[in-house]
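Report on the following structure.
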Ligand code: RIB
Ligand code: CA
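Right, dumping it as structure tokens:
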């Protein structure tokens, strides 16, 4: 099976860090580069976190800092209640010597796609600001995007408001640009990510691998699970972002359903909602493939193998 070439746009973030880990040494994924966006923490912190994870795991890919605020809305949301003051509270990293590239993340996305043969998948696991800005700055990249795979949205309840999930509400305008781009878009929403709860038994399973990646996984999940329990009452934190990479490694890990998804950028209490036409009562044309179920056992097997890929 040919490796999937990807650009991973993220806001590390504990679950973003596991997505980087999963992609970093996978025989099924060619991680071309990482672009970083503000989200779980400010851009300075999310860039630092991405560099720390790559340095710690010896993942030799360029890291490009991107947008530090949403396209239009005034205030940058952060999720420090979950991810802590650093955005990656828990692990202690060595002195950081890796540096981010000079090129802005939006320009990296544009240049990489323009030079490509249209065989690059853009994975977003944070607010979609960088990708949307790239589309607006250089529309010629749009047909060059093989697929957009995002962690974000929800057919059901949100996690910031009853209506909206964090990655979407943090920059709903950017999500609107991406969902109306006409490119194949695959949405891993809370409907499936809330089924992969990193309960203590999972942490113990990965801890037994005893390599650098498993130790980082354990250190990350200890903090992530504690804050997820305090905020949402979960017995284990939903491992949101790695579902995108697991899908690229083995598409059968999720069940997808084609449907029309509209981003609500107009209302107040439902701002940032992903309105998914599951029953298509309104006979709207499908613009997205939405994950409606996940093979939980297969997902944790993919995570375990992803950790074992590190010596
Ligand atoms: O709602 C969960 C998403 O928001 C995850 O990507 C998490 O990392 C945060 O970015
Ligand atoms: Ca994220």
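Numbering (this note's numbering), first residue to last: 833 to 1143.
Glycine is no exception: its CB is placed at the ideal position from the N, C-alpha and C atoms.
Here residue 1126 has 1024, 1027 and 1086 as same chain residues with Cβ atoms under 6 Å from its own Cβ, once five neighbours each way along the sequence are excluded. Residue pairing by DSSP places residue 866 opposite 840 and 895 in a beta bridge.
Apart from sequence neighbours up to five positions away, the residues of its chain that approach residue 1104 with a beta-carbon distance below 6 Å are 996, 1000, 1001 and 1004, ordered along the chain. The alpha-carbon of residue 885 is positioned some 18 Å away from that of residue 1076.
DSSP places residue 954 inside the beta strand (DSSP E), whose first and last residues are 952-956. For residue 970, the closest C-alpha among the options 990, 945, 994 and 958 is that of 945. Runs of beta strand (DSSP E) with 3 or more residues, each lying fully within the stretch 1014-1079, are found at 1017-1020, listed in chain order. Closer than 7 Å to some heavy atom of ligand 1: that describes the Cβ of residue 983.
Secondary structure note for residue 962: its alpha helix (DSSP H) is the uninterrupted segment 961-969. Contact between residue 960 and residue 911 fails: their C-beta atoms lie close to 16 Å from each other, not under 8 Å. Each residue's CA atom was taken as its position, placing residue 861 and residue 838 some 7 Å apart. Here residue 1063 is exposed, its C-beta having fewer than 16 other C-beta atoms within 10 Å.
When secondary structure is reduced to three states using DSSP, residue 854 falls in the helix class. Taking a cut-off of 8 Å for Cβ pairs, the stretch 967-981 and the stretch 1050-1067 do not touch, as fewer than three such pairs fall below it. Around the C-beta of residue 989, fewer than 16 other C-beta atoms lie within 10 Å, and the residue is accordingly described as exposed. Taking 7 Å as the cut-off, one finds at least one heavy atom of ligand 2 near enough to the beta carbon of residue 848. Counting only the Cα atoms, residue 976 lies some 4 Å from residue 950. With 16 or more other CB atoms across the displayed protein chains lying within 10 angstroms of its CB, residue 891 is buried.
Exclusion of the five residues before and after residue 856 leaves 863, 889 and 891 as the residues of its chain whose Cβ lies within less than 7 Å of its Cβ.
Residue pairing from DSSP places residue 1094 in a beta bridge opposite 1107.
Nearest C-alpha to residue 925 among 1038, 1047 and 1037: 1047. With respect to residue 878, residue 902 sits apart: the two C-beta atoms are not nearer than 8 Å. In the three-state reduction of the DSSP assignment, residue 949 falls in the coil class. Contact between residue 1074 and residue 847 holds, since their C-beta atoms are separated by about 7 Å, short of 8 Å. Taking 8 Å as the cut-off, the Cβ atoms of residue 958 and residue 1123 do not count as close. Per DSSP, residue 1115 has no beta bridge partner at all. Excluding residues up to 5 positions away in sequence, 843, 958, 959 and 1002 lie with their Cβ nearer than 6 Å to the Cβ of residue 871 in the same chain.
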